[in-house]
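**Q** Quick one: structure below, then a few questions.
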Amino acid sequence: MVVHGVGKPADCKLLRITAEIEGDLIRRIAIHGDFFAFPEEGFERVEARLGGTPMGQFEERFAALMAEEAVEGYGITASGVAEVLSIGVKNHGSSL
Amino acid sequence: MAHPCRLLETGFNTGAFNMALDQTVLEGVASATVLPTIRFYGWKPWAVSIGYFQGLEEEVDTQACSRRGIDVVRRITGGGAVFHQAEVTYSIIIPETHPLYRRKVLDSYELICQGIIDGLKGMGVSAQFAPINDIVVDNRKVSGNAQTRKLGCILQHGTILLDVDVELMFSLLRVPSEKAKGKLIEDVKSRVRGLKQLLGREVSFDETVEALKRGFQSALDLDYQTGDPLPEELKRASVVAQERFANPEWNQRR
Numbered sequence: 001m002v003v004h005g006v007g008k009p010a011d012c013k014l015l016r017i018t019a020e021i022e023g024d025l026i027r028r029i030a031i032h033g034d035f036f037a038f039p040e041e042g043f044e045r046v047e048a049r050l051g052g053t054p055m056g057q058f059e060e061r062f063a064a065l066m067a068e069e070a071v072e073g074y075g076i077t078a079s080g081v082a083e084v085l086s087i088g089v090k091n092h093g094s095s096l
Numbered sequence: 001m002a003h004p005c006r007l008l009e010t011g012f013n014t015g016a017f018n019m020a021l022d023q024t025v026l027e028g029v030a031s032a033t034v035l036p037t038i039r040f041y042g043w044k045p046w047a048v049s050i051g052y053f054q055g056l057e058e059e060v061d062t063q064a065c066s067r068r069g070i071d072v073v074r075r076i077t078g079g080g081a082v083f084h085q086a087e088v089t090y091s092i093i094i095p096e097t098h099p100l101y102r103r104k105v106l107d108s109y110e111l112i113c114q115g116i117i118d119g120l121k122g123m124g125v126s127a128q129f130a131p132i133n134d135i136v137v138d139n140r141k142v143s144g145n146a147q148t149r150k151l152g153c154i155l156q157h158g159t160i161l162l163d164v165d166v167e168l169m170f171s172l173l174r175v176p177s178e179k180a181k182g183k184l185i186e187d188v189k190s191r192v193r194g195l196k197q198l199l200g201r202e203v204s205f206d207e208t209v210e211a212l213k214r215g216f217q218s219a220l221d222l223d224y225q226t227g228d229p230l231p232e233e234l235k236r237a238s239v240v241a242q243e244r245f246a247n248p249e250w251n252q253r254r
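Written as structure tokens, this is what we have:
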């Protein structure tokens, strides 16, 4: 299933997330928004590497990858991204 | 001792050319073929620029922009969508070896934004830095800024609002619904100010540029060397504009 979430969690700018989820796994995720991330290419590697992450480990994995890729985020947090992803999942469930 | 800085005023150009020239100057500063550079410019035609991480069609009604002859361009910097209409845009590029370089992103935003604050003070406007990247007057935003770090340099660019046509802006940006649009328009009208509203008079592009030049000079201790872009910079910017910023592949990458 493909889910879309939009939100402005605490300490975050507006985030828009689209994720392709199969079973419990995130196959692909696109994290859009008016945040800043340095280096930008590092953030794109984080997005790509999130593929295959179990939903229940998403926040931890996002934070770990940001650290591994040495990405500094401004207006984006692991908990904020996880929150907006959850909004997307919930919206998909309620629209069925 | 003041820091030598090339000063460029490149007038009004397309969105693609403006962003291409920022990138070209970044390349030149990185290779030390030009001095650290500050540039002031405008947009013609009017344009919407989006941040590096934004989704184009999520944020912009590209058909509405096309109908009105308004450019659309993706920046290399993050941040939000900006409608470039009545404003002055600046960019400043310094290498990481420069005394003005700050390792912490927030510190460098604050330092560079002081140039705008000093410039506005010279116009009789008392402004404050609002982290991460805004400048406000009585909590109302008058300037937004965006920074990237590439090729061993900091590039920061931003806008100082002269006036705000909020209705026109929201006819170009995506909003969830007409109901939301009405609320958003009122919200933005209350939270954003142009110099015209702040000073109660018309404020020209040129007057604002002069004030900002003085402000940056004072805040960052700059020794201006006024010039024009090099012929090779203009040539390179034309190529970059065509290959990247005017290319749908770039603008539609998210």
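These protein sequences, in sequence, are chains A and S. Residue numbering for the first sequence follows my numbering, starting at 1 and increasing by one per position. Residue numbering for the second sequence follows my numbering, starting at 1 and increasing by one per position. We put the CB at the ideal spot given by N, CA and C, even for glycine. All values reported here derive from a predicted model rather than from experimental measurement.
Quick one: does the C-beta of S:Q63 sit closer than 8 Å to a heavy atom of the ligand ADP?
**A** Summarising the ligand content, the structure contains no ligands, and the ligand ADP is consequently not present.
**Q** For S:Q225, collect the residues of the same chain with a Cβ closer than 8 Å to its Cβ; drop the 5 residues on either side in sequence, then sort them by chain order.
**A** The residue given as residue 225 of chain S occupies position 225 in the second sequence. For S:Q225, where only same-chain residues beyond five positions count, the Cβ hits under 8 Å are P4, C5, R6, L7, L35.
**Q** Return the Cβ separation of S:C153 and S:L26 in integer angstroms, given the expectation that the two are a contact with Cβ distance under 8 Å.
**A** Your numbering for residue 153 of chain S matches position 153 in the second sequence. Your numbering for residue 26 of chain S matches position 26 in the second sequence. About 6 Å separates the two Cβ atoms, so the contact holds.
**Q** Along chain S, which residues have their Cβ under 9 Å away from the Cβ of A:A37?
**A** Your numbering for residue 37 of chain A matches position 37 in the first sequence. Here the neighbours are Y52, F53, G78.
**Q** What residues in the segment 16-30 of chain A have a beta carbon less than 8 Å from any beta carbon of chain S?
**A** Cβ contacts with chain S: R16, A30.
**Q** What does the Cβ neighbour count give for S:F12, buried or exposed, with the cut at 16 atoms within 10 Å?
**A** The count along the second sequence starts at 1 and reaches residue 12 of chain S at position 12. The residue is exposed, with fewer than 16 neighbouring Cβ atoms inside 10 Å.
**Q** When you compare the CB positions of S:D22 and S:L172, do they come within less than 9 Å of one another, or not?
**A** Taking the first residue of the second sequence as 1, we reach residue 22 of chain S at position 22. Taking the first residue of the second sequence as 1, we reach residue 172 of chain S at position 172. Going by C-beta atoms, S:D22 is not nearer than 9 Å to S:L172.
**Q** Near S:D71, what residues of its chain come up, given a Cβ to Cβ distance below 8 Å and the 5 sequence neighbours on each side ignored?
**A** Here residue 71 of chain S corresponds to residue number 71 of the second sequence, with the count starting at 1. Around S:D71: T14, G15, A16, W43, P45, W46, A47, V48, C65.
**Q** S:I132 versus chain A: which residues are under 8 Å apart at the beta carbon?
**A** Here residue 132 of chain S corresponds to residue number 132 of the second sequence, with the count starting at 1. Correct list: F36, Y74, G75.
**Q** Please identify, using Cβ separations under 8 Å, the residues of the segment 143-161 of chain S that lie next to chain A, in order along the chain.
**A** So the close ones are A146, Q147, T148, R149, K150.
**Q** By the criterion of Cβ-Cβ separation under 8 Å, what are the contact partners of S:E284 in chain A?
**A** Outside the modelled stretch of chain S, which goes from 1 to 254, sits residue 284 of chain S, for which no answer is possible.
**Q** Below 7 Å between beta carbons is the criterion; list the residues of the segment 80-111 of chain S that meet it against any residue of chain A, in chain order.
**A** Against chain A - using a Cβ distance shorter than 7 Å - the residues of the segment 80-111 of chain S are G80, V105.
**Q** Interface residues of chain S around A:E40 at Cβ under 8 Å?
**A** On the first sequence, position 40 is the one that residue 40 of chain A refers to. What A:E40 touches in chain S: Y52, F53, I76, G78, T148.
**Q** Measuring only the C-alpha atoms, how far is A:E41 from S:P229?
**A** Locating residue 41 of chain A in the first sequence gives position 41, where the first residue counts as 1. Locating residue 229 of chain S in the second sequence gives position 229, where the first residue counts as 1. Using only the alpha carbons, I get a separation of about 28 Å.
**Q** Measure from the alpha carbon of S:D134 to the alpha carbon of each residue in S:R193, S:M169, S:L184, S:G124, then state which is nearest.
**A** On the second sequence, residue 134 of chain S is found 134 positions in, with the first residue counted as 1. Closest option to S:D134, Cα to Cα, is S:R193.
**Q** Kindly identify the DSSP beta-bridge partner or partners of S:G15.
**A** To locate residue 15 of chain S, count along the second sequence from 1; it is residue 15. Answer by DSSP bridge pairing: none, since S:G15 is not bridged.
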